[in-house]
Amino acid sequence: MTFEPKTKIRSRVLGVGACLPGRIATNADLEKMVDTSDDWIVQRTGIRQRHLAGPGETTSTLATKAAERALAAAGVSADSIDLIVLATSTPDYTFPATATQVQAALGITQGVAFDIQAVCSGFVFAVATADKFLTSGSHKRALVIGAETFSRILDWEDRTTCVLFGDGAGAMVLDAVCDQSNTGVLGSRLRSDGRHRAKLFVDGGPSTTQTVGRLRMSGREVFKHAVGMVTDVMTDVFKDTGTRSEDLDWFVPHQANERIIDASAAKLGIPLSKIVKTVSMHGNTSAASIPLALCTAVNDGRIKRGDLVMIEAMGGGFTWGAALIRW
Ligand code: ACO
20 MTFEPKTKIR
30 SRVLGVGACL
40 PGRIATNADL
50 EKMVDTSDDW
60 IVQRTGIRQR
70 HLAGPGETTS
80 TLATKAAERA
90 LAAAGVSADS
100 IDLIVLATST
110 PDYTFPATAT
120 QVQAALGITQ
130 GVAFDIQAVC
140 SGFVFAVATA
150 DKFLTSGSHK
160 RALVIGAETF
170 SRILDWEDRT
180 TCVLFGDGAG
190 AMVLDAVCDQ
200 SNTGVLGSRL
210 RSDGRHRAKL
220 FVDGGPSTTQ
230 TVGRLRMSGR
240 EVFKHAVGMV
250 TDVMTDVFKD
260 TGTRSEDLDW
270 FVPHQANERI
280 IDASAAKLGI
290 PLSKIVKTVS
300 MHGNTSAASI
310 PLALCTAVND
320 GRIKRGDLVM
330 IEAMGGGFTW
340 GAALIRW
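End of the sequence shown sits at 346 in this note's numbering; the numbers just go up one at a time, nothing left out.
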């Protein structure tokens, strides 16, 4: 006999928060470091500046500040959190998980905290994972965090990659609620295909080189796959949830490249006016890019309660995924 709960549990968004390092590097600053130009970077990517972590700033310190701001926005205390899912590919240490350091920094001694490693898709994977915990009834309130210090794994002599990335963190508080109004995470789809490893990877690690390694990417190869992959999973999520792209209020994609964002939106008929873009200000902050963009659009009044919001990302692995949220 299967047990059918009378009221469905949903993971509802209570608040979001962000933290960007204070130091900003403009394209003009990068012109002094590698053979590049503001024109090239803006035309190819839409990026104009990025934030870079300074001394003393790490993935966990940025994540902790973003989490504190998300808790404040949600109006809930840290000790009400029993689940922390933190997406990062640039952890403070090989172990323990950065999530446990954030847990300790917030003074949380209950529940569970763990990291997710899905590179730029990390935040979508973290939302989907937290949603499964919350809707199963096993946990009550989650902090979902995307936090990165990609500047620490860049080859600052490689102009084909170093101009693209930045540092930052974003966080979201998700609450398990018995919901009849159909708000919260409505659906998600996650994918991966490890055959694509060589197109985007870090060339070091504890078990291979015993070094941290540096990011390597065949940008053109990534570009070729990105639009098809993210629009496929979004189409699946629309089907799963009985919604259509026309129903969206906001499209909040991973902020890697303006051309990928625009082409993905165009393929699904999403108008430019519904896209939240922060890539020009933040660059590609990997797992942090979506929560940073969400926070920007919530704080400037664009995303409001009841809005239908699609998030999507694609990253190293390859990994890719999408999630639909009724705010
Ligand atoms: N400044 C100036 N010239 C450059 C730079 C630079 N920073 N980087 C590369 N070039 C040159 C190349 O050397 C090449 O010169 P050549 O023709 O003399 O050989 C020329 O520009 C064109 O290079 P391409 O790599 O073919 O340029 P493309 O138009 O493909 O743009 C880019 C490169 C921006 C990386 C693009 O391929 C892209 O956006 N790809 C997707 C990358 C991405 O989004 N990755 C992240 C997704 S996953 C994740 O977020 C981790």
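Every residue, glycine too, gets a C-beta built ideally from N, C-alpha and C.
Suppose contacts are defined by Cβ-Cβ distances below 7 angstroms. Is residue i in contact with residue j by that definition?
i: L105; j: D58; result: no
i: T260; j: L343; result: yes
i: K293; j: F270; result: yes
i: D98; j: H158; result: no
i: G203; j: R31; result: yes
i: A147; j: A161; result: no
i: A92; j: G141; result: no
i: I164; j: A275; result: no
i: G130; j: R88; result: no
i: F144; j: L209; result: yes
i: I309; j: H273; result: yes
Please list, in chain order, all residues of the same chain as residue i whose beta carbon is under 6 angstroms from its beta carbon, the five residues on each side excluded.
i: F337; result: D212 and H215
i: T119; result: A132
i: G206; result: V256, D259, T260 and L343
i: M20; result: Any reading at M20 must be qualified, since the residue scores a pLDDT of 46, below 50, and its modelled position is unreliable; no value is offered.
i: A188; result: C38, L81, A82, A85, A166 and A307
i: D194; result: R31, L33 and R160
Among residues of its own chain, excluding the 5 on either side of residue i, which ones have a beta-carbon nearer than 8 angstroms to its beta-carbon?
i: V138; result: S108, L219, S305, A306, G334, G335, G336 and T338
i: L173; result: T180, C181, F184, R233 and L234
i: D281; result: L291 and I294
i: G73; result: P40, G41 and R42
i: A47; result: D57
i: Q136; result: A106, T107 and S108
Rounded to a whole number of angstroms, what is the C-alpha to C-alpha distance between residue i and residue j?
i: C181; j: C197; result: 46 angstroms
i: T78; j: Q122; result: 13 angstroms
i: S96; j: D54; result: 48 angstroms
i: K27; j: A124; result: 33 angstroms
i: G126; j: P225; result: 30 angstroms
i: M236; j: V221; result: 9 angstroms
i: L71; j: G302; result: 10 angstroms
i: G320; j: L313; result: 11 angstroms
i: A341; j: V241; result: 18 angstroms
i: E331; j: A190; result: 16 angstroms
i: P115; j: A85; result: 20 angstroms
i: A316; j: R324; result: 12 angstroms
i: W175; j: H244; result: 26 angstroms
i: R63; j: G238; result: 11 angstroms
i: I103; j: T117; result: 10 angstroms
i: T227; j: S170; result: 22 angstroms
i: E16; j: V192; result: An answer regarding residue 16 cannot be provided, because it is not within the stretch 20 to 346 covered by the chain.
i: D186; j: V246; result: 24 angstroms
What is the DSSP secondary structure of residue i, counted as helix, strand or coil?
i: D212; result: coil
i: S207; result: strand
i: V61; result: helix
i: G364; result: Coverage of the chain is limited to positions 20 through 346, which leaves residue 364 absent and any answer about it impossible.
i: I289; result: coil
i: G238; result: helix
i: I280; result: helix
i: I172; result: helix
i: M20; result: Since pLDDT at M20 reaches only 46, below the 50 mark, its modelled position is unreliable, and no value is offered.
i: R88; result: helix
i: R31; result: strand
i: I164; result: strand
i: P110; result: coil
i: V328; result: strand
i: P115; result: coil
i: F144; result: helix
i: R263; result: coil
i: P272; result: strand
i: V131; result: strand
i: A124; result: helix
i: R345; result: strand
i: R194; result: A quick correction: the sequence has Asp, not Arg, at residue 194. Strand, per DSSP.
i: I43; result: strand
i: A137; result: coil
By Cβ distance below 7 angstroms, which residues in the same chain neighbour residue i in space, the five residues on each side in sequence not counted?
i: D326; result: D268, W269 and W346
i: A44; result: Q68, R69 and L71
i: R178; result: V53, D54 and T55
i: S299; result: G65, I66 and R67
i: M253; result: L287, M329, E331 and A341
i: V231; result: I172 and G223
i: G156; result: I28
Taking only heavy atoms of the ligand MN into account, decide whether any of them is closer than 6 angstroms to the Cβ of residue i.
i: F114; result: Although the ligand MN was asked about, the structure shown includes only the ligand ACO as ligands.
For residue i and chain C, any beta-carbon pair shorter than 7 angstroms?
i: P290; result: Here chain C cannot be found, since the structure has a single protein chain.
Q: Check whether the stretch 43-53 touches the stretch 279-297, taking contact to mean three or more Cβ pairs, one atom from each stretch, closer than 8 angstroms.
A: no
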